[in-house]
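In my numbering, the protein residues as written are 511 to 899. C-beta: ideal position from N, C-alpha, C; glycine also. The structure displayed is predicted, hence computed values, not measured ones. Take a look at the structure set out below.
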Ligand code: FAD
Ligand code: DHB
């Protein structure tokens, strides 16, 4: 099979990119290792920046998101005692949207057949070949049969563990990485949220986040040591811990219910440079990971895809090779700023095993300063809502 652009991975990055390119009439095939149900079963991000919702609107796919999503004007930081409201709307003029990654992915998936976006699910042994040549290609198996796709460009949207980044020789690429000594244990339950806005808390016992998917579905997280297992956390133990960490004012408002999903995600900061090697371009988690504090992961994938789609459309419409060459630097400038924000908010809101009493006082002083400074709140708000493209 021949195509203009082959995309590896049908997560949010791959599907968004596929739709943006198809909207311009370009020829695209997406190859995904997992089944569609498996992709939809992964509970991940919950907060969308305006940049991301604008992309969905541009594609004409934002209708359900606006109907079912919850626009939020602000969120809270707390030290476990007092709530500090970051009034994102008042400080930036913009809102964020609470709409789960699974819902966004479903909207993109459902629209694919009608827009002639071909997605091959359950592809086996996906491999990239000759990315530095003018004739790169993919090989994989489909229902046990060997397949090959020849493309003019390959876009690696296959997440942190996919084969695309690995296809860039070590002599060309450079990884930057920080691994944190804890993970997030998340629980999803069909109970109303404890508060109508998100609350990020840095309690003496560790970080916790009160989030939601809708007015009847809550998502909570707590920081746990890396060697902890989900089985160590029966629902009641997790609800008890959340109640303590969210403090007397908010913790008592938590409604408990059986877990629909419970999982532990490790925290990592990671950037791979450059994002392009010949005719292979990386976008989303294949190129970078942020710790989830600040909800930047999915949104960064969307902004990469915005830049990448512009570059590819420029190439196929006008033969513009400069935009292809500029993609990596353009995307990285925004990626590093989101990395900085996620790293800083992670350091501010978590208990690190080597933190001493002085470090704790520094965190509390930082939160106290944020509580009293419009300048500090504005900095947080403009990063949270998403820096301009
Ligand atoms: P992915 O969503 O990882 O999609 C990559 C796709 O490539 C997958 O469908 C995968 O199956 C496919 N693939 C992998 N290997 C191959 C292969 N060999 N061949 C073909 N296809 C392949 N962000 C937030 O903002 N908030 C959160 O709460 C949050 N929680 C997270 C929890 C976890 C456990 C993880 C891993 C991430 C979380 N993130 C969160 C980050 C956010 O979900 C990601 O940034 C986002 O999914 C990135 O989208 P993507 O399309 O780049 O990658
Ligand atoms: C959610 C996850 C985040 O990392 C975050 O910062 C906010 C919300 C969530 O899953 O709801």
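Give a yes or no on whether the C-beta atoms belonging to residue 740 and residue 695 are separated by under 9 Å. yes
Helix, strand or coil at residue 716 according to DSSP, with G and I counted as helix: strand
Would the beta-carbon of residue 808 be found less than 8 Å away from any heavy atom of ligand 1? Flag set: Cβ of residue 808 near ligand 1.
Runs of alpha helix (DSSP H) lying entirely within the region 757 to 836, each at least 4 residues, in chain order: 757 to 761 and 807 to 828
Return the residue from the list 844, 893 and 616 that minimises the CA-CA distance to residue 899. Considering only alpha carbons, the answer is 844.
How about residue 814 and residue 836: are their beta carbons less than 9 Å apart? no
Since residue 726 and residue 718 should fall inside the 8 Å C-beta cutoff, what is the C-beta to C-beta distance between them, to a whole number of angstroms? That belief does not hold up - the Cβ atoms of residue 726 and residue 718 are roughly 21 Å apart, past 8 Å.
Residue 902: first and last residue of the uninterrupted alpha helix (DSSP H) it sits in: The chain is shown from 511 up to 899; residue 902 falls before or after that span and cannot be answered.
Residue 469 - partner residues in DSSP beta bridges: Look at the range of the chain in this structure, 511 to 899, and you will see that residue 469 is not part of it.
Mind checking whether the beta-carbon of residue 802 lies closer than 8 Å to any heavy atom of ligand 1? yes
Going along the chain, which unbroken runs of the alpha helix (DSSP H) with 4 or more residues stay wholly within the region 511 to 545? The region 511 to 545 contains these whole alpha helix (DSSP H) runs: 522 to 532.
With which residues is residue 582 paired in a DSSP beta bridge? 606
Exposure of residue 751, with buried meaning 16 or more beta-carbon neighbours within 10 Å: buried
Through-space distance from residue 525 to residue 615, alpha-carbon basis: 8 Å
What first and last residue would you give for the beta strand (DSSP E) that runs through residue 621? Where residue 621 is concerned, there is no enclosing beta strand (DSSP E), although the alpha helix (DSSP H) it sits in stretches over 611 to 621.
The beta strand (DSSP E) enclosing residue 652, as first and last residue numbers: For residue 652, the uninterrupted beta strand (DSSP E) segment begins and ends at 647 to 652.
Taking the alpha carbon of residue 514 as the point to measure from, which residue in 663, 773, 722 and 863 has its own alpha carbon closest? 663
I'd like to confirm something about residue 554: is its beta-carbon nearer than 8 Å to some heavy atom of ligand 2, or not? Yes, since a heavy atom of ligand 2 falls inside the 8 Å radius drawn around the Cβ of residue 554.
Compute the minimum distance between the beta carbon of residue 722 and the heavy atoms of ligand 2, and state whether it is under 8 Å. yes
Which residues does DSSP pair with residue 639 in a beta bridge? 647
Residues sharing a beta bridge with residue 588, DSSP: 593 and 711
If residue 734 sits next to residue 774, beta carbons under 8 Å apart, how far is it from one beta carbon to the other, in whole angstroms? 6 Å
Answer yes or no: do residue 709 and residue 855 have a C-beta to C-beta separation smaller than 9 Å? no
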